[in-house]
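Encoded as C-alpha cells, the structure appears first; notes follow it.
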Amino acid sequence: LALENDLRHALGRNEFLLAYQPEFDLQTGEVVSMEALLRWRRPTGEFISPAKFIPVAEETGVIVPLSQWVLETACRELKDLRSTLEYSPRFAVNLSPRQFQQDNLVEMIVSTLEKYEVAPGNLELEITEGSLMDDPEKAAFSLHLLRQHGIATAIDDFGTGYSSLSYLRRFPIDKLKMDRAFVTDIQVDKDSAALAESILRMAHQLGLKVVAEGVELPEQLDLLRHLRCDAAQGFLLARPMFLPELTGFLLDHQ
Ligand code: G
Ligand code: G
Ligand code: NA
Ligand code: MN
285 LALENDLRHA
295 LGRNEFLLAY
305 QPEFDLQTGE
315 VVSMEALLRW
325 RRPTGEFISP
335 AKFIPVAEET
345 GVIVPLSQWV
355 LETACRELKD
365 LRSTLEYSPR
375 FAVNLSPRQF
385 QQDNLVEMIV
395 STLEKYEVAP
405 GNLELEITEG
415 SLMDDPEKAA
425 FSLHLLRQHG
435 IATAIDDFGT
445 GYSSLSYLRR
455 FPIDKLKMDR
465 AFVTDIQVDK
475 DSAALAESIL
485 RMAHQLGLKV
495 VAEGVELPEQ
505 LDLLRHLRCD
515 AAQGFLLARP
525 MFLPELTGFL
535 LDHQ
C-alpha cells in the first residue's frame, strides 16, 4: 500500500505537525486546556486526516515512534509557549487503544515530561471507551499508575461506545469529553438535550468534569452553560491552530 510506505518515511521527512484546539471553562471563559491534534502534511501540501492514517500506523507499528514524537513535540512546543506567556497551560494528547495498551506507556510519558521539564499536572491523556474495555484490568492498573504520577485522564468521544456510565466508577479518570453527537442538535431537539443533561448529572455525581465537544453555535453554548456543563470545545470558540497562531490567540485571551 502506498499510504503505508509513505507513512513509514513521513517521520524522518518531518511531515507531521501538531495543531492545538483550546477548551474553555464555561463559567469564566478561561482556556483550561488545549488538545494536541496530529496533522500529516504531504510534500504536495495535502493534509491527511489522522482518522485515516492512525489505523495504518497501528497496523504497521509506526504508532510507537509516532506517539513518542507527538508527546515530545507537544512538550517542546509547550516550553516555547510557556516562555512567551509566562504561565504554563495544560495540554491534552490523544492515545489510540493500542497505544494505551503499550507496556512501557507510563514510563515513556514520565521520562519525556522530565526531559522537557513539564509538570505532570500539565498533561492530560485522552483515551476512548474502547481503550478501557479491551482489557479493563490492565486499563485500571495503568490509570491508577497515571494518577499516582499526577497525570490526568479524559474519556474521549464519550457516549459513542458503551453508553453506560456505571462502568466508569471502576476507573480512576478525571473527565469526560461528551461526543459532539450529543451537542449537534441540542438546541432544537428535546431528546438530545435530555441525553446531555443526564450525562452531565451522572458524571457530576461520579465527581467527573464534562467537556462538550463540537460546539458550533452560540445557542448550544448557552444551553450547555445552563445545564452546568464545565467546559466546551468547538469551532465556535476556537479552531485547531498551529503554534504561532495559538501563541497569538492565548496572548489575546489573557
Ligand atoms: O483532528 P481530526 O478531526 O482530524 O481528528 C480525527 C481523529 O484523530 C480524532 O478522533 C482524534 O482524536 C484523532 N487524533 C488526532 N490526533 C491524534 C494523535 O496524536 N494520536 C491519536 N492516537 N489520535 C489522534
Ligand atoms: O475524536 P476527537 O474528539 O479527538 O476529534 C477531534 C476532532 O474534532 C478534531 O479533528 C477537530 O478538528 C474536530 N472538531 C473540533 N471542533 C469541532 C467542531 O466544532 N465541529 C466539528 N464538526 N468538528 C470539530
Ligand atoms: Na480527542
Ligand atoms: Mn473527542
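Mapped onto UniProt numbering, the consecutive letters of the sequence shown carry residue numbers 285 to 538.
Note that CB positions come from ideal geometry on N, CA and C, so glycine has one too.
First and last residue of the uninterrupted beta strand (DSSP E) at residue i
i    : result
T412 : L407 to T412
V377 : F375 to N378
I470 : Here I470 belongs to no beta strand (DSSP E), and DSSP marks it neither H nor E.
M318 : V315 to R325
Q538 : No beta strand (DSSP E) holds Q538; DSSP gives it neither H nor E.
E307 : F300 to D309
A423 : First-last for A423: P420 to Q432, but that is the alpha helix (DSSP H), not the beta strand (DSSP E).
V499 : Note, V499: premise wrong, no beta strand (DSSP E); not H, not E.
M462 : K459 to M462
Buried or exposed by the 16-neighbour rule on C-beta atoms within 10 Å, applied to residue i
i    : result
N289 : exposed
L430 : buried
V316 : buried
M417 : exposed
V354 : buried
Y371 : exposed
D514 : buried
Q504 : buried
A294 : buried
Residue i: CB within 7 Å of a non-hydrogen atom of ligand 1
i           : result
A335        : yes
V354        : yes
L379        : yes
P524        : yes
I338        : yes
Q418        : Correcting the residue type first, residue 418 is Asp in the shown sequence and not Gln. No - ligand 1 has no heavy atom lying nearer than 7 Å to the Cβ of D418.
L534        : no
residue 539 : The requested residue 539 does not occur in the structure, where the chain is confined to residues 285 to 538.
Contact check, residue i vs residue j, beta carbons under 8 Å
i    : j    : result
I470 : L492 : no
A487 : V494 : yes
L389 : S426 : yes
L397 : F337 : no
D463 : F442 : yes
R512 : L484 : yes
F331 : A516 : no
L535 : D364 : no
E408 : I439 : no
R382 : E421 : no
L507 : A478 : no
V322 : P334 : Checking the displayed sequence, the identity of residue 322 turns out to be Leu instead of Val. Yes, they are a contact pair.
For residue i, the first and last residue of its enclosing alpha helix (DSSP H)
i    : result
E503 : P502 to H510
I338 : P334 to T344
T444 : Run containing T444: none; DSSP gives neither H nor E here.
L365 : I347 to L369
V390 : L389 to K399
L291 : A286 to A294
Q385 : P381 to Q385
Cβ-heavy atom distance, residue i to ligand 2, below 7 Å
i    : result
K493 : no
E330 : no
R464 : yes
L302 : no
D440 : yes
F425 : no
Q489 : no
F384 : no
F308 : no
F375 : no
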